[in-house]
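Taking it in order: structure first as structure tokens, then the write-up.
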Amino acid sequence: MRILTVPGVFQPHSDTWMLADVLRAQTLPPGTAVLDLCTGSGALAVAAARRGVHDVTAVDVSRRALLCARVNARLNGVRVRTCRGDLFAAVGDARYDVIVSNPPYLPSCVDALPSAGASRAWEAGRPSHRPQDESRAGTCCAGGSPADLRRSQLFFPATARCSWDLLIFERPWTLSCLASL
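Position one of the sequence shown corresponds to residue 23 (the working numbering), numbered consecutively onward.
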């Protein structure tokens, strides 16, 4: 899989590739719908589409990120629908079988997110769990939201340094890599 980025879009790192590997290893039946929140470069959306999923939606607030996701989908010969918006606002009441997310995770001392510029691609604001805490995943798939799951400490650390967490559930599957900084 080839992924390109432009200035202002966060380059995928090992945590993204770890989640992409887990996604590729899942058995996803025909008709599975995948949502990639905070898509950035589109690496996770592209990984899902390359896995054979025909209904992949990538969401981000950044126009540059969505351009990157579209270019990367084309570069990899797959179709990914892109939507601009903040978290679930871009998809309305649509429902998904799999939700993947590797959201911005660099905490900040400011309360407001940058409205433009390169820092918008990876700035999480305060607290750094905002994307997870405001998630409506509980209404998009069975079970609790990532915030509920984080609070109940159902996460399994994948690395000691950043304490990355990986959630895997039965249908509908929710795969998410969330930072605990």
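Glycine included, every Cβ here is placed at the ideal spot set by N, Cα and C.
Keep in mind that this is a model prediction, so the values were computed, not measured.
Contact check for Ala-91 and Thr-104: beta-carbon distance about 5 Å, within the 8 Å limit, so the pair qualifies. With 16 or more neighbouring CB atoms inside 10 Å of its own CB, Asp-82 falls in the buried class. Annotation for Thr-38: the continuous alpha helix (DSSP H) segment containing it runs 36-47. Taking the CA atoms as reference points, Asn-94 sits about 9 Å from Val-100. The DSSP-derived three-state label of Val-56 is strand. Non-local beta-carbon contacts of Asp-58 in its own chain, meaning distances under 6 Å to residues more than five positions away in sequence, involve Leu-66, Ala-67, Ala-80, Val-122 in chain order. The beta carbon of Thr-27 sits closer than 7 Å to those of Gln-33, Ser-63, Cys-90, all from its chain and outside the five residues before and after it, given in chain order.
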